[in-house]
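Visitor:
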Amino acid sequence: MNGEQIIDKYFRPGRLPHIWCPGCGHGVITGCIVKAVDKLGLSKDDVAVVSGIGCSSRASGYLDFNTVHSAHGRALPVATGVKMANPKLNVIVVTGDGDAAAIGGNHFIHAARRNINITVVLYNNSIYGMTGGQYSPTTPLHAKATTAPYGTIERTFDMAELAKAAGATFVARATSFHATMLQDLIAKGIQHNGFSLIEAVSACPTSYGRQNKAGGPADMMKWQRDHGVPVAAYEKLSAEDKAGKFPIGVLYEVEGVQEYTAAYDELIAKAKGGK
Amino acid sequence: MSRKLLLQGNQAVVEGAIAAGCRFFGGYPITPSTEVAEGLSKELPKVGGKFVQMEDEIASIGSVIGASLAGKKVMTATSGPGFSLKQELLGYACIAEVPLVLVNVQRVGPSTGQPTSPSQGDVMQAKWGTHGDHDLIALTPGSVPECFDVTIKAYELSEKYRVPVVLLMDEVIGHMREKIELPDNYDSIKQPMRKQPTVKPEDFKAYATDETLIPAMPAFGSGYRWHVTGLVHDETGFPKGTPAATVESTNRLHDKIYNNIDDISMVENYKMDDAEYCIVTFGGASRACYEAIDMARKEGIKVGMLRAITVWPFPAKQVKAIAAKVKGILVHELNYGQYVQEVERVVAGKVPVHGYGVYNNEPATPEQVLAKIKETCK
């Protein structure tokens, strides 16, 4: 399917153009989600997309699935309810770095801990874009933001490491530059029977780039190209060469951990058996 | 056939939820509501339902919103501090019109307050706790048997009007044990049903309404794909930022409740036929009033009671009717004086309105209520 056919099939008529700024990586990431769904041949009726609040979370309204644009940080609790009520649905959470790492951080670690079969696509643009460029938990140390005019003094959250530590059973990362890889990773995440995180490193030329002299959209994409290193190659780098770079690809995958809705089905059988 | 049981109010809520078809509960432990979560963690799986103890109060109401969208009847339960935390998503449920039942077993506040002594200090919060113009329904049972019936009613109203219903309990009713007679099974309990679309999926507009002003609500996964948002939206369900869209949305969310006020409003009148004075009260505060009224009548004071079961929307019609026939009204509530302000607003000076707010961690005794009757009804 070409781009136009993808749009016709998966984007709601009349909802485009989207709200994202020129050069934003979010459109590419959203395209990767629908291409992953298409690749897997899922029925649109069987897909639910739940988002929070922020630039990323506007994606839900554009997509022709069962969609919820929930409240700030709350996509995962709502998605948990959807999945528990109807485990047949493929539930995808669309969230951002502020949404998932800050206001929704508690929900993030607990959904991972439960290993509920939800696929989280975290659009990480390292900034609060919709409110105009405040620092988020993933803003690089010393980077500038409207609320960090002297540079941030806070260390960043590595959301992939956090997910792994919290109990997620599939963790991956790509960028909006590495779109083919991203699409593939999202498809793997959807297929994985458990909690999966796909961190999609995005670019925000408007609210992050300008404040940090990161150049225009093309420069920010080149930065992604040069700093995202496939995990096998990344592992071989010296500590010195790793500085400033980050691994992309499947970062962690484990099978054999019971998925939450499946565990609940067993619980129901037990309760009905009067045990 | 029926069962005669001795149950706490909270346990009767559990039975009412199961009977009404609740099949998903998301909760978080907090006294004095925990028995609702404990009971449903045991009972829901037996009927194929699910219970999740979520990571916090916000996640609890978030999860029930999700489960409701996927077609389940749902409940969450909490008490004061947790009720405050749930307010944001309660507002979401109002604007997105997501049916849910939120149990708040009130305790003394604000903040951690006096855990877990009786209070009715959340009565205004139940109506106005979430930000922005909105309407919802709040019901307050006055006895353990009524907890069962009112819980079923909460589902009926929530599903019918697509509005969150606050089951505004208090510690007195939640923890009190009384005799209750329940059916052996709940097969004969009428199951509230959501309005379903009559058009094909491709013609479906998620928030289009008819004269009832209630949009149809197909479940996620049913083949009707629709969008749910907390942004002001038009009949398509997608955000619309115009002044007209806001006015239309706000009006409809109000009118769908107030056009049906007679269906929603429930009160009990106790000895009001010949009453010259009336106590307006609700929930646990009403318990001392029955006996106080009987004692007062022995002393020749013709007093009766209007007990609000539907506390929100305010039973304005019923209170106005009483104001037209009595010489004075005494409002008894377990707080510093909240509901009395609504009564005063509606009575509008027609007869004297006295407040009897009790906020010392204990419900008033019949003798104390009697003393207040004597003091004010003259």
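Which chain is which? The protein sequence lines are A and B, in order. First residue of the first sequence? That's 1326 in the numbering used here, and the numbers climb one at a time after it. First residue of the second sequence? That's 2 in the numbering used here, and the numbers climb one at a time after it. For glycine and all other residues, C-beta sits at the position ideal for the given N, C-alpha and C.
I need the DSSP call for C1380/A, collapsed to helix, strand or coil.
Guide: Here the question's residue 1380/A lines up with position 55 in the first sequence. Coil, per DSSP.
Visitor: Per DSSP, which one or two residues make a beta bridge with Y1577/A?
Guide: Stepping through the first sequence from its first residue, residue 1577/A is reached at position 252. Answer by DSSP bridge pairing, in chain order: V1496/A.
Visitor: In the structure shown, what three-state DSSP assignment does P146/B receive?
Guide: Stepping through the second sequence from its first residue, residue 146/B is reached at position 145. Of the three classes helix, strand and coil, the one that applies to P146/B here is helix, per DSSP.
Visitor: Any idea if E343/B is buried or exposed, counting beta-carbon neighbours within 10 angstroms, 16 or more meaning buried?
Guide: Reading the second sequence from its first residue, position 342 is the one you call residue 343/B. Under this definition E343/B is a buried residue.
Visitor: So, with DSSP's three-state summary, where would you put P82/B?
Guide: In the second sequence, counting from the first residue as 1, residue 82/B sits at position 81. Residue state, collapsed to three classes: helix.
Visitor: In the DSSP output, which residue or residues are listed as bridge partners for S3/B?
Guide: Here the question's residue 3/B lines up with position 2 in the second sequence. BP columns for S3/B point to P184/B.
Visitor: Any heavy atom of the ligand COA inside 6 Å of the beta-carbon of Y1585/A?
Guide: As presented, the structure is devoid of all ligands, the ligand COA included, so that no description of it is given.
Visitor: Anything in chain A within Cβ reach of T230/B, meaning under 9 Å, just list it in chain order.
Guide: Reading the second sequence from its first residue, position 229 is the one you call residue 230/B. The answer, in chain order, is S1385, G1386, T1392, V1393, H1394, S1395.
Visitor: Just curious, the alpha helix (DSSP H) that V1359/A is in, first and last residue?
Guide: Counted from its first residue, the first sequence places residue 1359/A at position 34. From DSSP, the alpha helix (DSSP H) with V1359/A extends over 1351-1365.
Visitor: For the segment 1421-1464 of chain A, list the alpha helix (DSSP H) runs that are entirely contained and at least 4 residues long, ordered along the chain.
Guide: With a minimum length of 4 residues, the continuous alpha helix (DSSP H) runs that stay inside the segment 1421-1464 of chain A are 1430-1439.
Visitor: Against L70/B, what residues of chain A qualify as contacts under a CB-to-CB distance less than 7 Å, listed in chain order?
Guide: Against the second sequence, residue 70/B aligns to sequence position 69. Here the neighbours are V1393, V1407.
Visitor: In the DSSP output, what is N261/B paired with across the bridge?
Guide: For the purposes of this step, residue 261/B is identified with residue 260 of the second sequence, where counting begins at 1. In the DSSP output, where bridge partners are listed per residue, N261/B has none listed.
Visitor: How would you label V341/B, buried or exposed, when you count the other beta carbons within 10 angstroms and need 16 or more for buried?
Guide: Position 340 of the second sequence holds residue 341/B. Classification for V341/B: buried.
Visitor: Hey, does Y1453/A have any beta-carbon neighbour from chain B nearer than 7 Å?
Guide: Locating residue 1453/A in the first sequence gives position 128, where the first residue counts as 1. By this cut-off, Y1453/A is not an interface position.
Visitor: In the structure shown, what three-state DSSP assignment does L1522/A receive?
Guide: On the first sequence, position 197 is the one that residue 1522/A refers to. Residue state, collapsed to three classes: strand.
Visitor: Report the partner residues of N1391/A according to the DSSP bridge assignment.
Guide: Taking the first residue of the first sequence as 1, we reach residue 1391/A at position 66. Bridge partners of N1391/A: A1373/A.
Visitor: Looking at the C-beta of D1590/A, does it have a partner C-beta in chain B at a distance below 7 Å?
Guide: On the first sequence, residue 1590/A is found 265 positions in, with the first residue counted as 1. Not one chain B Cβ lies under 7 Å of D1590/A.
Visitor: Could you give the uninterrupted runs of the beta strand (DSSP E) lying entirely in the segment 1531-1584 of chain A, keeping only those of 3 residues or more?
Guide: Listed in chain order, they are 1553-1555, 1571-1578.
Visitor: Closer than 7 Å between beta carbons: that is the criterion. Which residues of the segment 46-69 of chain B meet it against chain A?
Guide: Cβ contacts with chain A: P46, K47, G49, K51, V53, M55, E56, D57, I59, A60, G63, S64, V65, I66, G67, A68.
Visitor: What's the call for Y1289/A, buried or exposed, on a 16-neighbour Cβ count within 10 Å?
Guide: Absent from the model: residue 1289/A. The displayed extent of chain A is 1326 to 1600, so no value can be given.
Visitor: With distance defined between alpha-carbon atoms, name the residue in A1564/A, N1440/A, T1481/A, N1391/A nearest to T1463/A.
Guide: Here residue 1463/A is taken as the residue at index 138 of the first sequence, counted from 1. Of the candidates A1564/A, N1440/A, T1481/A, N1391/A, the one whose C-alpha sits nearest the C-alpha of T1463/A is T1481/A.
Visitor: Around the C-beta of T1355/A, are 16 or more other C-beta atoms found within 10 angstroms, so that it is buried, or is it exposed?
Guide: In the first sequence, counting from the first residue as 1, residue 1355/A sits at position 30. Buried.
Visitor: Identify which residue in E334/B, L371/B, V348/B, V354/B has its Cα closest to the Cα of M170/B.
Guide: Your numbering for residue 170/B matches position 169 in the second sequence. Checking every option, the nearest Cα to that of M170/B belongs to E334/B.
Visitor: Counting only Cβ pairs nearer than 8 Å, list the residues of chain B close to A1361/A.
Guide: Working through the first sequence from its first residue, we reach residue 1361/A at position 36. Near A1361/A there are no residues of chain B at all, since even the closest Cβ is about 18 Å away, more than 8 Å.
Visitor: Less than 8 Å between the CB atoms is what I'm expecting for F205/B and Y225/B, so what's the real figure, rounded?
Guide: Along the second sequence, read from residue 1 onward, the residue named residue 205/B stands at position 204. Along the second sequence, read from residue 1 onward, the residue named residue 225/B stands at position 224. Contact holds; Cβ gap of about 5 Å.
Visitor: Can you tell which of I174/B, Y337/B, Y278/B has the C-alpha that lies nearest to the C-alpha of I323/B?
Guide: Sequence index remark: in the second sequence, residue 323/B carries index 322 (1-based). Residue Y278/B is the option with its Cα nearest to I323/B.
Visitor: Answer yes if the segment 1331-1340 of chain A comes into contact with the segment 1506-1516 of chain A, meaning at least three C-beta pairs across the two stretches below 8 Å, and no otherwise.
Guide: In short, these stretches do not touch, since the Cβ pair count stays below three.
Visitor: Report yes or no: is there a C-beta of chain D within less than 7 Å of the C-beta of F25/B?
Guide: The question asks about chain D, but that chain is absent: this structure's protein chains are A and B.
Visitor: Round the Cβ separation of G1423/A and Y1453/A to the nearest angstrom and send it over; I've been treating them as touching at under 8 Å.
Guide: Locating residue 1423/A in the first sequence gives position 98, counting from the first residue. Locating residue 1453/A in the first sequence gives position 128, counting from the first residue. G1423/A to Y1453/A, Cβ: 5 Å. Contact.
Visitor: I1593/A versus chain B: which residues are under 7 Å apart at the beta carbon?
Guide: What you label residue 1593/A is simply residue 268 of the first sequence in a count that begins at 1. Those are P46, G49, listed as they occur along chain B.
Visitor: Does any residue of chain A have a CB that is nearer than 7 Å to the CB of F221/B?
Guide: If you number the second sequence from 1, residue 221/B lands on position 220. Answer yes: the Cβ-Cβ gap between F221/B and chain A drops below 7 Å somewhere.
Visitor: What ranges does the beta strand (DSSP E) occupy inside the segment 27-102 of chain B, keeping only unbroken runs of at least 3 residues that lie completely in it?
Guide: Whole beta strand (DSSP E) segments, 3+ residues: 51-54, 74-79.
Visitor: Thinking V312/B and V124/B are a contact (beta carbons under 8 Å), I'd like their distance in whole angstroms, please.
Guide: Within the second sequence, numbered from 1, the residue matching residue 312/B stands at position 311. Within the second sequence, numbered from 1, the residue matching residue 124/B stands at position 123. The pair is a contact, with the Cβ atoms about 6 Å apart (cut-off 8 Å).
Visitor: By DSSP, does M306/B sit in helix, in strand, or in coil?
Guide: Indexing the second sequence from 1 puts residue 306/B at position 305. Here M306/B sits in strand by DSSP.
Visitor: Tell me, please, which residues DSSP counts as bridged to P165/B.
Guide: Within the second sequence, numbered from 1, the residue matching residue 165/B stands at position 164. According to DSSP, which records beta bridges pairwise, P165/B is partnered with L101/B.
Visitor: Of the residues E203/B, V233/B, S118/B, I258/B, which one's Cα is nearest the Cα of I215/B?
Guide: Along the second sequence, read from residue 1 onward, the residue named residue 215/B stands at position 214. It is I258/B.
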